[in-house]
Every structure is written in structure tokens, then in C-alpha cells.
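Asker: Structure in C-alpha cells, see below.
2 protein chains.
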Amino acid sequence: MSDHACTVTLSELKRNCSNCNLRDLCMPMGLSNEELVKLDTLVSQRRRIPKGEGLFRTGDDFHALYAVKTGTFKTRLNSSEGAEQVIGFQMTGEILGLDGLGSGAHMCDAVALEDSEVCIIPYQTLDDLSQQFHSLQMHFHRVMGREIVKDQSVMLLLGSMRAEQRLSAFLMNLSERQKARGFSATSMVLRMTREEIGSYLGLTIETVSRTLSKLQKEALIRIDQKNLTLLKLDALQTLATGRLH
Amino acid sequence: MSDHACTVTLSELKRNCSNCNLRDLCMPMGLSNEELVKLDTLVSQRRRIPKGEGLFRTGDDFHALYAVKTGTFKTRLNSSEGAEQVIGFQMTGEILGLDGLGSGAHMCDAVALEDSEVCIIPYQTLDDLSQQFHSLQMHFHRVMGREIVKDQSVMLLLGSMRAEQRLSAFLMNLSERQKARGFSATSMVLRMTREEIGSYLGLTIETVSRTLSKLQKEALIRIDQKNLTLLKLDALQTLATGRLH
DNA sequence: CGTGTTATTGAGTAGCATCAATAATTGTGG
DNA sequence: CCACAATTATTGATGCTACTCAATAACACG
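Taken in order, these protein sequences are the chains called A and B.
Letter 38 of the first sequence, counting from 1, is numbered 38 in the working numbering, and no numbers are missing.
Letter 233 of the second sequence, counting from 1, is numbered 233 in the working numbering, and no numbers are missing.
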């Protein structure tokens, strides 16, 4: 049974939300089985993005949302001065492209941090189906609501935390998201560079590196290149929730 | 014609979105007149909030959005440590409460900075009407999309700007919003304290005060208590869009 | 295997926080 | 309406955090 020998039927089944192993995390979360089957008409296409390439760029017309099927992305804002800032990391099951809803054009770049695949959710279709299925509309609203709350918690981090707290909060957040996906909460591979972490956390690459080294010296984590182990979750959590002042 | 002598009919008319002088800024923006009339059934109630009092608090059940009819609000996040951070200022025509969409409970406090009034938009009704009127659904999505983009631009500010840039960007943002409401773009009254500005911008009250004094010394603004005049919009804009590094 | 990218670590410094004192303003009750 | 208290704002002195610059090391990729 080579890849190509698989029947079209099986391949099509695998495309569908109702059979997707991410359905508890992704768009269809909370929908009934019956609704899921209807939803399958929504997500009909996928797209592969090689590492380093973009899914969409600032200014691109908005016509679809994307659910990360495999891989990891970063989103970044380009300032007028040419500088850029990472504003989010998206992993399996998370939604990309909500930034385009406001104006009809994407307001950030989305770049794959590893070879990745996304499910394409055409906005027109989502819109139509939301009209028909109230639960889908509700769910879509919840997704957007969570995005808003997530961004606001990053504002809290950037506005009132020290470097060590920012890093701890970041690592704990990664841990929780890994755990929610059935992976280890204590051991993971960082898909982003120190520079990208720094950009996201409002720190320089040197501060990120130094702070990680410090956390390692304090035996809270073990970091070897991209391989991260969280040794004391409770201590990290304490650091992460502590505030400035 | 005293206030009370006005007919009930006129008073009721005034309540409605179709006659609201904010309709170009607020929820119904972009809807046709016909749709507006239908929308009037959505916003049936108002609520007055005296200065310093809350519209909703963290943990409150979410069952409505609020459009600021008159006045100004701040929203703030309370951290686990009891510290709080301002995450937004809402003025006339802007929507409050989107943070509750994700979980069904509000995730921040909304507090009036002056005696204010809001139009209550029951979420259930909005939901139902969105099902019926596609343009309302589209518009609601745009409102949420703009909220996301707005939050992300604050992340950019907090992550990569110096104090002087943050203040400049903040003042320019206020100016633009004033202008969009038909008020002067160069002269305004700050409804928030220096401490609230500092909390929002991730700065201490002392730094806010010093930086405002500095901008005044450089003749870019004139600040006397809460009375602010922007003297050189272009220079402020240059400061605001410049980046760190 | 060499080259470009990414990461670590050190030394010095800028920017902002902290602490502190004072001034101005707002609100309150007599 | 005034006096007092509480809040808010300004300004100065000092210290710490994280940035900048720099040198080196480790790694990834062709």
C-alpha cells in the first residue's frame, strides 16, 4: 500500500473534518457528528507550505481561513520602518487568517516554521454555512473570541512582565498547548529560533539566550539547542504568573 | 420644549440605530437603510454608567455586547497577583464585550472613565438576526476582525517601541479617533489618568509624565492637565511610526 | 568542508523603574 | 463656600534591567 495506491475514497475520507484527529481542537470543536458531516463540505482543500515559505502576506486579499493540519507557523507584523515583529505562533489545530476579517485584506504575514500543511476554509463557504447552521456560527464566534482574549493576554505579558516571567509564561503556554494535543507537557522541540522568540516576547535574542541559560542554571528547564525539557512546571508557573512591581 | 416634554415617539426614535448619529462608526456601519430598520429591534435598551463604575467585570456571564453611546471606558485585565493592566480605551461608537465570546464569561473589567451611556446589544438577538441578515453577520465579523487587528498593533507597540514612540503612537491614535468622530484632531481632553495611560502603554506613571513634558519641551504638544493639543502632527507621526533598534 | 545562519557569553551603557519629595487638583463634609 | 483629605501629577536622584556591541562557538546547508 504505497501512498498512491490508497483508494481515492480513503484519501477523501481522510480529508474530512469528521475523520480528522484534530477535530477536538480545530474549527469543528463542539459540533455534533451530524453537523460535522455537513462541515466536511466546508474544508475541501489542503495546501502544503514548505519551511520558510509564506501562507499569506500582508496586503493579500482575504478569502479563506486556514487550519494548521501539520506543522507550525509564525505570524508577523511588518512595521513601516521595515522592522518586523512576531505576533504569534500557530500549531496543529489552530486557525490562521482571522486578521483579514476586518478589512478584507491580510494584515500580517504567515510563515511556516517547518514543512506544514493547512486545511483551507473558504470564507465565502464558512459564511454561507454559518447562515444555515447556527452551531457553526456560534463556534466561529467562539474561535474569534478566543483569539481576542489570547492577544490580550500577550498584551499583559508585554506590558507588565520581566524577561524571566515572559520566558516562563511562553514556555508554560507551549507546554499546555503540547499537552492539549496529546504530547508531552515537559519535553518538546522548539520550532522557532531564539530571535523569533525574542521578537514575540519583546526581548532581544541575547536576553532570550541569557534567560534560558539562567533558567537552566536554576534547574527549572533543560535546553539543548531546540530540545527543551521543563523540569519544574510548578516553579515555572509561579514565575510566569508573578507580576512586576 | 423641555427634555421631558419631548414626545415618547421622538424619544423612541432617538433610541434607534437608524437615527443614531453614530451609525457610521458603530455596529450598523455599512448596512442599508432597510437593514438598519430591522437592526433597531436589536438595540432596544440603554444603560447609564456613572464615572468610575463598572459595566461588566471579569467572570460575569456574557450575554450582551455594548456600544458606547456617550462617554469613555477603559478595559483592564486583572492578573493573578492582584495587579491590573489597562488593555484598551473605548470611546463613542466602539464596541465593548467581545472578550466574552470565547468562553461565555467576560475576561476583563470595563469601567467608565466619565459618566457614560451604552446601547445594549443582546448576544442572543444579535445571533438570531445574524442568521437572518447576512450583511449583519458580515458586519459583525468585520467588527471582530478589527478588534483582533487593533490588539495586534498594540502588541507591536508594547513589543518594539520606546517610551517616546509609545506615547506618540497613543496620542496619534487618540487624534485619529477624535477626528473620525467629527472632533478636532489636534485638541482634546484626556479622559484617562497618567497612571491608566502608563498601564496601557507598559510604562510607569513617572515615565508618562516625563515623556509628555519632554514632548511639550520639544513643542510637539501642549499639555495642561487633561487638556491636550497636538502641535505638530507630522512630527508626532514620524516619531510614532519609527521603530526601535 | 566551508560558508552562512543561529546561539552563547561578556563588557559597557541607555532607558526606564524605583524611591522620594513636592505640587496641583479633585472631592468631601462642615 | 471653604478647608481638609485623598488622589493625581511633576520632577529629581539613583539603581537595575535589558539593550547594544563584540567575539566566539555551534550548527545547518549546499
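C-beta atoms are modelled at their ideal positions from N, C-alpha and C, and glycine is treated no differently.
From A:Q237 to B:Q131, what distance separates their C-alpha atoms?
Answerer: Position 237 of the first sequence, counting from 1, holds the residue named residue 237 of chain A. Position 131 of the second sequence, counting from 1, holds the residue named residue 131 of chain B. Roughly 42 Å between the two C-alpha positions.
Asker: What are the start and end residues of the alpha helix (DSSP H) that includes B:L113?
Answerer: Residue numbering aside, residue 113 of chain B sits at position 113 when the second sequence is read from its first letter. That residue, B:L113, is in no alpha helix (DSSP H); it is neither H nor E in DSSP.
Asker: Against A:I148, what residues of chain B qualify as contacts under a CB-to-CB distance less than 8 Å, listed in chain order?
Answerer: As a working note, residue 148 of chain A is residue 148 in the first sequence. The answer, in chain order, is L98, D99, L101, G102, M144, E147, I148, D151.
Asker: Please state the DSSP three-state secondary structure of B:E53.
Answerer: In the second sequence, counting from the first residue as 1, residue 53 of chain B sits at position 53. It is coil, neither helix nor strand.
Asker: Give the interface partners of A:L156 over in chain B, defined as CB-CB distance under 8 Å, in chain order.
Answerer: On the first sequence, position 156 is the one that residue 156 of chain A refers to. Going along chain B in sequence order, the residues near A:L156 (Cβ under 8 Å) are L77, S79, Q85, I87.
Asker: B:L77 and B:Y66 - do their beta-carbons sit closer together than 8 Å?
Answerer: To locate residue 66 of chain B, count along the second sequence from 1; it is residue 66. To locate residue 77 of chain B, count along the second sequence from 1; it is residue 77. No, they are not a contact pair.
Asker: For B:A219, is the classification buried or exposed, using 16 other Cβ atoms within 10 angstroms of its Cβ as the cut-off for buried?
Answerer: Taking the second sequence and counting its residues from 1, one reaches residue 219 of chain B at position 219. So B:A219 ends up on the exposed side.
Asker: Give the secondary structure of A:L233 by DSSP, where H, G and I count as helix, E and B as strand, and everything else as coil.
Answerer: Mapped onto the first sequence, residue 233 of chain A falls at position 233. Residue state, collapsed to three classes: helix.
Asker: Whether or not the segment 114-124 of chain A and the segment 149-159 of chain B are in contact is what I'm after, with contact meaning three or more pairs of Cβ atoms, one per stretch, closer than 8 Å; do they touch?
Answerer: No, the segment 149-159 of chain B is not in contact with the segment 114-124 of chain A.
Asker: Closer than 8 Å between beta carbons: that is the criterion. Which residues of the segment 114-127 of chain A meet it against chain B?
Answerer: Flagged, chain order: D127.
Asker: For B:F183, which of helix, strand or coil comes out of DSSP?
Answerer: Here residue 183 of chain B refers to the residue found at position 183 of the second sequence. Here B:F183 sits in coil by DSSP.
Asker: Assuming B:R222 is part of the alpha helix (DSSP H), what are its boundary residues?
Answerer: The residue given as residue 222 of chain B occupies position 222 in the second sequence. Looking at the DSSP string, B:R222 is not in any alpha helix (DSSP H); the run it does join, the beta strand (DSSP E), is 221-224.
Asker: Taking 8 Å as the threshold (beta carbon to beta carbon), is B:M246 in contact with chain A?
Answerer: The displayed coordinates of chain B run from 1 to 245. Any statement about residue 246 of chain B would go beyond what the structure contains.
Asker: Counting only C-beta atoms, is B:Q237 closer than 8 Å to chain A at any point?
Answerer: As a working note, residue 237 of chain B is residue 237 in the second sequence. Chain A contact via Cβ: absent.
Asker: Compute the beta-carbon to beta-carbon distance between B:A110 and B:T75, rounded to the nearest angstrom, for a pair I have assumed lies under 8 Å.
Answerer: In the second sequence, the residue the question calls residue 110 of chain B occupies position 110. In the second sequence, the residue the question calls residue 75 of chain B occupies position 75. Sure, about 5 Å apart at Cβ, within 8 Å.
Asker: So, is the C-beta of A:G59 closer than 8 Å to a C-beta in chain B?
Answerer: Taking the first sequence and counting its residues from 1, one reaches residue 59 of chain A at position 59. False, the Cβ-Cβ gap to chain B never drops below 8 Å.
Asker: DSSP three-state label for B:V8, please.
Answerer: Residue mapping note: residue 8 of chain B aligns to position 8 of the second sequence, counting from 1. Because the pLDDT at B:V8 is just 45, under 50, the model does not fix this residue reliably, and the value given afterwards should be weighed accordingly. Reduced to three states, the DSSP call for B:V8 is helix.
Asker: In three-state DSSP terms, what is A:G159?
Answerer: Against the first sequence, residue 159 of chain A aligns to sequence position 159. Note: A:G159 maps to helix in three-state DSSP.
Asker: May I ask you to list, following chain order, the residues of the segment 215-227 of chain A that have a beta carbon less than 7 Å from some beta carbon of chain B?
Answerer: If the cut-off is 7 Å between Cβ atoms, the segment 215-227 of chain A has nothing near chain B.
Asker: Given this structure, state the Cα-to-Cα distance separating A:I95 from A:M144, to the nearest angstrom.
Answerer: By one-based count along the first sequence, residue 95 of chain A stands at place 95. By one-based count along the first sequence, residue 144 of chain A stands at place 144. In a straight line, the C-alpha of A:I95 is about 9 Å away from that of A:M144.
Asker: Output the residue ranges of the beta strand (DSSP E) runs that lie fully inside the segment 164-209 of chain A and measure 3 residues or longer, sorted by chain position.
Answerer: Here the runs fully enclosed are 187-189.
Asker: Taking buried to mean at least 16 other C-beta atoms within 10 Å of its own C-beta, is B:S2 buried or exposed?
Answerer: As a position in the second sequence, residue 2 of chain B is number 2, starting the count at 1. Unreliable positioning characterises B:S2 in this predicted model, as indicated by a pLDDT of 43, which lies under 50. The coordinate reading is nonetheless provided below. Burial call: exposed.
Asker: Of all Cβ atoms in chain B, is any one closer than 8 Å to the Cβ of A:L13?
Answerer: Indexing the first sequence from 1 puts residue 13 of chain A at position 13. Bear in mind that a pLDDT of 47 at A:L13, under 50, signals an unreliable position, so the number given afterwards is only what the model happens to contain. Not closer than 8 Å to any Cβ of chain B, the Cβ of A:L13 fails to qualify, so no.
Asker: With DSSP collapsed to three states, give me the class of B:T41.
Answerer: The residue labelled residue 41 of chain B in the question sits at position 41 within the second sequence. In this structure, B:T41 counts as coil in the three-state DSSP scheme.
Asker: Would you please state the rounded distance, in angstroms, between the beta carbons of B:K149 and A:D99? I believe it to be under 8 Å.
Answerer: Position 149 of the second sequence, counted from the start, is the residue given in the question as residue 149 of chain B. Position 99 of the first sequence, counted from the start, is the residue given in the question as residue 99 of chain A. Looking at the sequence shown, residue 149 of chain B is not Lys but Val. Right, their Cβ atoms sit about 6 Å apart.
Asker: In whole angstroms, give me the CA-to-CA distance for B:E164 and B:R210.
Answerer: In the second sequence, counting from the first residue as 1, residue 164 of chain B sits at position 164. In the second sequence, counting from the first residue as 1, residue 210 of chain B sits at position 210. Cα-Cα distance, rounded: 10 Å.
Asker: Within a Cβ cutoff of 7 Å, which residues of the same chain sit near B:S184, ignoring the five residues on either side of it in sequence?
Answerer: Along the second sequence, read from residue 1 onward, the residue named residue 184 of chain B stands at position 184. Cβ neighbours of B:S184 beyond the five flanking positions: Q178.
Asker: Mind listing the chain B neighbours of A:T241? Cutoff is C-beta to C-beta under 8 Å, in chain order.
Answerer: As a working mapping, residue 241 of chain A is identified with position 241 in the first sequence. Going along chain B in sequence order, the residues near A:T241 (Cβ under 8 Å) are S79, S80, E81.
Asker: Report the residues of the segment 200-213 of chain B with a CB closer than 8 Å to any CB of chain A, ordered along the chain.
Answerer: Answer in chain order: Y200, L201, G202.
Asker: Any beta carbon from chain A within less than 8 Å of B:S175's own beta carbon?
Answerer: Numbered from 1 along the second sequence, position 175 holds the residue referred to as residue 175 of chain B. Judged by the 8 Å Cβ criterion, B:S175 is not in contact with chain A.
Asker: Within 8 Å (strictly less), CB to CB, does A:Q178 reach chain B?
Answerer: Mapped onto the first sequence, residue 178 of chain A falls at position 178. No, A:Q178 does not count as interfacial toward chain B.
Asker: Answer with buried or exposed for A:T41, where buried requires no fewer than 16 other C-beta atoms within 10 angstroms of its C-beta.
Answerer: The count along the first sequence starts at 1 and reaches residue 41 of chain A at position 41. Classification of A:T41: exposed, given that the 10 Å Cβ count is below 16.
Asker: To the nearest angstrom, how far is the alpha carbon of B:V8 from that of B:I121?
Answerer: Numbered from its first residue, the second sequence carries residue 8 of chain B at position 8. Numbered from its first residue, the second sequence carries residue 121 of chain B at position 121. Because B:V8 sits at a pLDDT of 45, beneath the cut-off of 50, its placement in the model cannot be relied upon, and the point is left open.
Asker: Could you check whether the Cβ of A:G275 sits closer than 8 Å to any Cβ belonging to chain B?
Answerer: As displayed, chain A neither begins before 1 nor continues past 245, which places residue 275 of chain A out of reach and without an answer.
Asker: Comparing alpha-carbon positions, which option in B:A64, B:L167, B:R162 lies nearest B:T125?
Answerer: For the purposes of this step, residue 125 of chain B is taken as residue 125 along the second sequence, with counting starting at 1. Cα-wise, what sits closest to B:T125 is B:A64.
Asker: Would you mind sorting B:N16 into buried or exposed? The rule is 16 or more other CB atoms within 10 Å of its CB.
Answerer: Your numbering for residue 16 of chain B matches position 16 in the second sequence. Buried, because 16 or more other Cβ atoms sit within 10 Å of the Cβ of B:N16.
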